[in-house]
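Asks: Quick one: the structure is below, and I'll ask about it shortly.
Numbering (the working numbering), first residue to last: 24 to 292.
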């Protein structure tokens with residue numbers, strides 16, 4: 024399916040256009056802000072972009088990461104041992120924005136991002152290019168979009184196969200940016216039913232015309248990235264597999280993994 028550019032944000036528009044010209048799917052890496060320390064985290068992200076990561080999905084640390092599996096939960100805990108509040112996050116994101124022109128997407132929970140108004144502050148300071156808050160209601164996501172879209176920040180909506188067609192239709196209506204979960208539940212499960220994932224993509228076809236579609240949850244190997252690409256997704260999110268490498272401080276194997284996954288995003292010409 025040939026799409027016109029679905030994004031509002033200029034960095035997102037540019038990298039999407041580049042991926043279309045190269046016939047590649049975008050590799051989106053989830054890493055927690057400040058993991059294992061702000062300084063080390065900034066350096067790791069810099070090298071991850073060099074290795075082939077297209078977009079950073081920056082995890083905002085939470086005391087109750089209810090949608091995350093054990094690997095990412097431990098990452099949240101590592102950061103919160105030394106960092107508290109939100110002031111450090113603004114400084115961290117300022118330094119992060121200064122070191123890269125690649126898109127930065129803030130991913131977090133409503134308690135930390137929405138209820139504190141951190142989402143608004145990051146958008147007003149031009150520190151992020153998109154927002155992903157999976158536990159906000161659709162009404163809240165629309166309210167957030169009204170605030171940040173005029174500032175050039177895209178806002179994702181979320182779907183999964185356990186939704187009814189009516190629910191999916193409502194979520195997809197007027198959406199330009201959709202995060203498809205390969206399964207409902209927590210991140211980091213090893214098994215994915217790719218037939219069901221293909222069916223989910225097919226269902227999205229009925230409800231969207233020009234939305235950017237990305238998939239996450241359990242995409243932990245180059246082989247799984249390739250399968251998601253073959254289904255048709257324009258973006259693939261890798262989280263637990265990346266956070267596990269950071270936890271082990273296995274940085275050389277981490278960067279090799281990124282390069283292998285990026286190679287798997289190339290679509291057949």
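Glycine included, C-beta positions come from ideal geometry on N, C-alpha and C.
Compare the Cα-Cα distances from residue 8 to each of 98, 186, 243 and report the closest residue.
Replies: Nothing in the structure corresponds to residue 8, since the chain is present only between 24 and 292.
Asks: Which residues bound the beta strand (DSSP E) around residue 225?
Replies: Unbroken run through residue 225 is the alpha helix (DSSP H), 217-230; no beta strand (DSSP E).
Asks: Three-state secondary structure (DSSP) at residue 137?
Replies: helix
Asks: Please name the residue, chosen from 58, 199, 30, 32, that lies closest to residue 267 on a Cα-to-Cα basis.
Replies: 58
Asks: Give the range of the beta strand (DSSP E) segment to which residue 56 is assigned.
Replies: Element bounds for residue 56: n/a, residue is neither H nor E.
Asks: Pick out the complete alpha helix (DSSP H) segments inside the region 35-91, 4 residues or longer, and give them in chain order.
Replies: Entirely contained in the region 35-91, the alpha helix (DSSP H) runs reaching 4 residues are, in chain order, 61-74.
Asks: Ignore the nearest five residues each way along the sequence and tell me which others in residue 126's own chain have a CB closer than 8 Å to its CB.
Replies: 32, 34, 35, 38, 77, 78, 79, 152, 153
Asks: Given this structure, state the Cα-to-Cα distance separating residue 223 from residue 184, to the nearest angstrom.
Replies: 6 Å
Asks: If I follow the unbroken alpha helix (DSSP H) through residue 154, where does it start and stop?
Replies: Not the alpha helix (DSSP H): residue 154 falls in the beta strand (DSSP E), residues 153-155.
Asks: Ends of the beta strand (DSSP E) at residue 261?
Replies: 258-261
Asks: Can you tell me whether DSSP reads residue 181 as helix, strand or coil?
Replies: strand
Asks: Hey, out of 242, 108, 171, 257, whose CA is closest to residue 48's CA?
Replies: 257
Asks: Would residue 242 and residue 75 be called neighbours here (beta carbons separated by less than 8 Å)?
Replies: Taking 8 Å as the cut-off, the beta carbon of residue 242 is found no closer than this to the beta carbon of residue 75.
Asks: Taking only the alpha-carbon atoms, compute the straight-line gap between residue 253 and residue 278 and give it to the nearest angstrom.
Replies: 23 Å
Asks: Can you grab the Cα-Cα spacing for the pair residue 24 / residue 110, in whole Å?
Replies: With a pLDDT of only 48 at residue 24, under 50, the local geometry of the prediction cannot be trusted, and the value read off the model is given with reservation. The straight-line gap from Cα to Cα measures roughly 43 Å.
Asks: Hey, residue 240 and residue 210 are a contact pair by Cβ (cut 8 Å); roughly how many whole angstroms apart?
Replies: 6 Å
Asks: Taking the alpha carbon of residue 112 as the point to measure from, which residue in 285, 54, 89, 61 has its own alpha carbon closest?
Replies: 61
Asks: Within the chosen definition, does the region 90-106 reach the region 139-153 through at least 3 CB pairs nearer than 8 Å?
Replies: no
Asks: Going by DSSP, what residue range makes up the beta strand (DSSP E) through residue 236?
Replies: 235-239
Asks: Counting along the chain, where does the beta strand (DSSP E) carrying residue 204 start and finish?
Replies: 200-204
Asks: Using beta-carbon positions only, say whether residue 56 and residue 81 come within less than 8 Å of one another.
Replies: yes
Asks: Going by DSSP in three states, residue 191 sits in which element: helix, strand or coil?
Replies: DSSP places residue 191 within a helical segment (H, G or I) once states are collapsed to three.
Asks: Does the pairing of the region 179-198 with the region 214-223 give three or more beta-carbon distances under 8 Å?
Replies: yes
Asks: Compare the C-beta of residue 106 with all C-beta atoms of chain B and state if any pair is closer than 8 Å.
Replies: Absence of chain B from the displayed structure is noted, only one protein chain being present.
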